[in-house]
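Below, the structure is given as structure tokens:
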């Protein structure tokens with residue numbers, strides 16, 4: 001049995017959040033900003049990228065037979081300006097902060113806990129503004145289907 005992909009579930013969770021969707025639309029991605037988006041000529045604009053950040057390897061279930069995983073996720077929120085990137089980060093922050101045990105895309109997401117941030121920075125390749133936070137997300141390793 002395959003372990004569900006937690007980033008897919010987290011992307012869908014954020015797409016379903018009204019405040020995040022109002023700001024970013026459907027520009028919520030796992031792992032990296034798609035080349036088509038970066039080359040669209042419309043960047044910088046609001047977009048969210050969720051990226052596994054390592055760590056998270058402590059806690060109940062991680063080193064035993066309980067089928068859960070702790071995943072540290074870096075959340076990169078792009079914006080037209082640092083202020084606009086921060087507005088989007090706050091919307092994502094609010095969505096994760098109020099996440100209550102939910103099934104999304106056949107993945108049971110138990111919780112999201114702020115792990116670090118916020119940090120204001122610029123994309124090293126493009127100089128686009130980013131506001132970033134890290135979250136520790138607890139998900140099931142068993143598909144709900």
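Numbering (our numbering), first residue to last: 1 to 145. From the three backbone atoms N, C-alpha and C, an ideal C-beta is built for every residue, glycine too. Quantities reported herein were computed from a predicted structural model and do not represent experimental measurements.
Thinking just about the alpha-carbon of each residue, which of the options is nearest to the one in residue i?
i, options, result
"residue 52", "136, 141 and 140", "136"
"residue 96", "13, 77 and 6", "13"
"residue 6", "125, 112 and 132", "112"
"residue 69", "138, 144 and 101", "138"
"residue 25", "35, 46 and 33", "46"
"residue 48", "109, 42, 67 and 21", "21"
"residue 124", "78, 54 and 83", "78"
"residue 144", "110, 126 and 132", "110"
Near residue i, which residues of its chain fall below 6 Å by C-beta distance, leaving aside the five closest residues on each side in sequence?
i, result
"residue 3", "141"
Per DSSP, what are the beta-bridge partners of residue i in this structure?
i, result
"residue 69", "139"
Spatial neighbours of residue i within its chain, please: C-beta separation below 7 Å, excluding the five flanking residues on both sides.
i, result
"residue 122", "128, 129 and 130"
"residue 71", "6, 52, 56, 137 and 139"
Within this structure, are the beta carbons of residue i and residue j separated by less than 8 Å?
i, j, result
"residue 50", "residue 99", "no"
"residue 92", "residue 73", "no"
"residue 34", "residue 80", "no"
So, at 8 Å on beta carbons, what are the nonlocal neighbours of residue i in its own chain, with the 5 sequence-adjacent residues on each side left out?
i, result
"residue 19", "91, 94 and 95"
Could you say if the segment 12–29 and the segment 114–123 meet the contact criterion of at least three C-beta pairs nearer than 8 Å? no
Determine contact between the segment 100–107 and the segment 80–89, defined as no fewer than three beta-carbon pairs at a distance below 8 Å. no
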